[in-house]
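J.: Order-wise, the sequence lines are chains X and H. So that you can map any letter, position 65 of the first sequence is 1326 in this note's numbering, and since no number is skipped, the others follow by simple counting. So that you can map any letter, position 85 of the second sequence is 74 in this note's numbering, and since no number is skipped, the others follow by simple counting.
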Amino acid sequence: AQSVSQHNHHVILSEAASLELGCNYSYGGTVNLFWYVQYPGQHLQLLLKYFSGDPLVKGIKGFEAEFIKSKFSFNLRKPSVQWSDTAEYFCAVNARDDKIIFGKGTRLHILP
Amino acid sequence: DAGVIQSPRHEVTEMGQEVTLRCKPISGHNSLFWYRQTMMRGLELLIYFNNNVPIDDSGMPEDRFSAKMPNASFSTLKIQPSEPRDSAVYFCASRKSGTYNEQFFGPGTRLTVL
């Protein structure tokens, strides 16, 4: 069965710090990968997705993620975070059917 | 594009009452998902439909919960009778078939059961 593991449940950073959120998935075949963001009091929105081609994917608001097939990883990065990046971040994977499997989320808190 | 529409946005009810949450997916999307989100349990998939047919309801907590999708543009999630532990934000999401397509989430219904 497909599963998604997010290593950090809660991350606290200062503004301008660099960010990397870990995500690993378990599935041996072709996958499509997503990062969603949920700002406080809002619904989940897509940050970026990977389905083929260049393993380095760029998303909105300066976020990017790198798909490393050999490590079953899809880590999210941002070189310099802002206070407005405070949110919960979900990694997700879809392999065979219509169901996207979500990780448990990482709460990111940026100190001004 | 109106996005996924959910109603009501907020619902406050008393224990034992029936609650019905509504969702209108994005036109052309043929998969629909109901999620529940709480601080304690995070985001949980309750049930999903493909072409109006329930495919996986293993996340439905118990028989008090039921979901229907009578047509491609409407779905309901019903809780009867409701209990305080059902208090949560309930999200509906839809997507078009194809593994490269993302899910689009609605704004959610915040349910409080007193």
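Cβ coordinates follow ideal geometry from the N, Cα and C atoms, glycine included.
By a C-beta neighbour count over all protein chains shown, 10 Å radius and 16 as the cutoff for buried, is Gln1202 of chain X buried or exposed?
T.: Because chain X is modelled from 1262 through 1373, residue 1202 of chain X falls outside the range shown and cannot be assessed.
J.: Just grab the DSSP bridge partners of Lys67 of chain H for me.
T.: The residue you call residue 67 of chain H lines up with position 78 of the second sequence. Partner(s): H:Thr9 and H:Ser55.
J.: With distances taken from CA atoms, which of H:Glu91, H:Thr101, H:Tyr79 and H:Leu21 is nearest Pro59 of chain H?
T.: By one-based count along the second sequence, residue 59 of chain H stands at place 70. Pro59 of chain H has its Cα closest to that of H:Leu21, out of H:Glu91, H:Thr101, H:Tyr79 and H:Leu21.
J.: Between H:Pro73, H:Phe63, H:Asn90 and H:Ile68, which has its C-alpha nearest Ile(-6) of chain H's C-alpha?
T.: Translated into the one-based positions of the second sequence, residue -6 of chain H becomes position 5. Of the candidates H:Pro73, H:Phe63, H:Asn90 and H:Ile68, the one whose C-alpha sits nearest the C-alpha of Ile(-6) of chain H is H:Phe63.
J.: If you measure from the beta carbon of Asn1285 of chain X to each beta carbon in chain H, is any gap under 9 Å?
T.: In the first sequence, residue 1285 of chain X corresponds to position 24, counting from 1. So no, Asn1285 of chain X is outside the interface.
J.: How would you call Gln6 of chain H, buried or exposed, if buried means at least 16 neighbouring beta carbons within 10 angstroms?
T.: Counted from its first residue, the second sequence places residue 6 of chain H at position 17. So Gln6 of chain H counts as exposed.
J.: Report back the beta-carbon spacing between Ala1356 of chain X and Tyr1288 of chain X to the nearest angstrom; my notes put them in contact at under 8 Å.
T.: The sequence position of residue 1356 of chain X within the first sequence is 95, counting from 1. The sequence position of residue 1288 of chain X within the first sequence is 27, counting from 1. Yes, they are in contact, since the Cβ atoms of Ala1356 of chain X and Tyr1288 of chain X sit about 5 Å apart, within 8 Å.
J.: At what residues does the beta strand (DSSP E) containing Val(-7) of chain H begin and finish?
T.: Taking the first residue of the second sequence as position 1, residue -7 of chain H is located at position 4. First-last for Val(-7) of chain H: undefined, no H or E at that position.
J.: From this set, H:Val42, H:Ala61, H:Leu32 and H:Glu3, which residue's C-alpha is nearest Gly48 of chain H's C-alpha?
T.: For the purposes of this step, residue 48 of chain H is identified with residue 59 of the second sequence, where counting begins at 1. For Gly48 of chain H, the nearest C-alpha among the options comes from H:Leu32.
J.: In terms of residue numbering, what span does the beta strand (DSSP E) encompassing Lys1310 of chain X cover?
T.: The residue labelled residue 1310 of chain X in the question sits at position 49 within the first sequence. Gln1306 to Tyr1311 is the extent of the beta strand (DSSP E) around Lys1310 of chain X.
J.: Identify, in the order they occur along the chain, each residue of the same chain with its Cβ nearer than 6 Å to the Cβ of Val1292 of chain X, setting aside the five sequence neighbours on each side.
T.: Sequence index remark: in the first sequence, residue 1292 of chain X carries index 31 (1-based). Answer for Val1292 of chain X: Val1354 and Ala1356, listed in chain order.
J.: So the candidates are X:Leu1280, X:Ala1262 and X:Pro1301; which of them puts its Cα closest to the Cα of Arg1338 of chain X?
T.: Counting from one through the first sequence, the residue named residue 1338 of chain X turns up at place 77. The option with the nearest alpha carbon to Arg1338 of chain X is X:Leu1280.
J.: Return the residue from the list H:Tyr89, H:Thr65 and H:Leu103 that minimises the CA-CA distance to Leu158 of chain H.
T.: The structure shown does not extend to residue 158 of chain H, since chain H is modelled only from -10 through 103, so no value can be given for it.
J.: List the residues of chain H that Ile1329 of chain X touches, going by C-beta distances under 8 Å, in chain order.
T.: Stepping through the first sequence from its first residue, residue 1329 of chain X is reached at position 68. The premise fails here: Ile1329 of chain X is roughly 19 Å from chain H at the closest Cβ pair, so nothing lies under 8 Å.
J.: Buried or exposed for Ala(-9) of chain H, please, with buried defined as at least 16 other CB atoms from any protein chain shown within 10 angstroms of its CB.
T.: On the second sequence, residue -9 of chain H is found 2 positions in, with the first residue counted as 1. With fewer than 16 other Cβ atoms within 10 Å, it is exposed.
J.: Under 9 Å, do Lys67 of chain H and Ala56 of chain H count as touching if we go by C-beta distance?
T.: Locating residue 67 of chain H in the second sequence gives position 78, counting from the first residue. Locating residue 56 of chain H in the second sequence gives position 67, counting from the first residue. The answer is yes: Cβ separation under 9 Å.
J.: Please report how far the alpha carbon of Leu1372 of chain X lies from the alpha carbon of Trp1344 of chain X, in whole angstroms.
T.: Here residue 1372 of chain X is taken as the residue at index 111 of the first sequence, counted from 1. Here residue 1344 of chain X is taken as the residue at index 83 of the first sequence, counted from 1. Spanning the two alpha carbons is a distance of roughly 6 Å.
J.: Is His1304 of chain X close to chain B? Criterion is C-beta to C-beta, closer than 9 Å.
T.: The displayed structure is made up of protein chains X and H, and chain B is not among them.
J.: Given a cut-off of 9 Å, decide if Trp1296 of chain X and Leu1317 of chain X are closer than it, judged by their beta-carbon atoms.
T.: Counting from 1 along the first sequence, the entry for residue 1317 of chain X is found at position 56. Counting from 1 along the first sequence, the entry for residue 1296 of chain X is found at position 35. Taking 9 Å as the Cβ cut-off, Leu1317 of chain X and Trp1296 of chain X do not qualify as a contacting pair.
J.: Given a cut-off of 9 Å, decide if Leu1307 of chain X and Gly1323 of chain X are closer than it, judged by their beta-carbon atoms.
T.: Along the first sequence, one-based indexing puts residue 1323 of chain X at 62. Along the first sequence, one-based indexing puts residue 1307 of chain X at 46. No, they are not a contact pair.
J.: Does Ile44 of chain H come within less than 9 Å of chain X when only Cβ atoms are used?
T.: Here residue 44 of chain H refers to the residue found at position 55 when the second sequence is read from its first residue. Cβ-Cβ to chain X under 9 Å: yes for Ile44 of chain H.
J.: Can you tell me the Cα-Cα spacing of Gly1314 of chain X and Asn90 of chain H, whole angstroms?
T.: Sequence index remark: in the first sequence, residue 1314 of chain X carries index 53 (1-based). Sequence index remark: in the second sequence, residue 90 of chain H carries index 101 (1-based). The straight-line gap from Cα to Cα measures roughly 15 Å.
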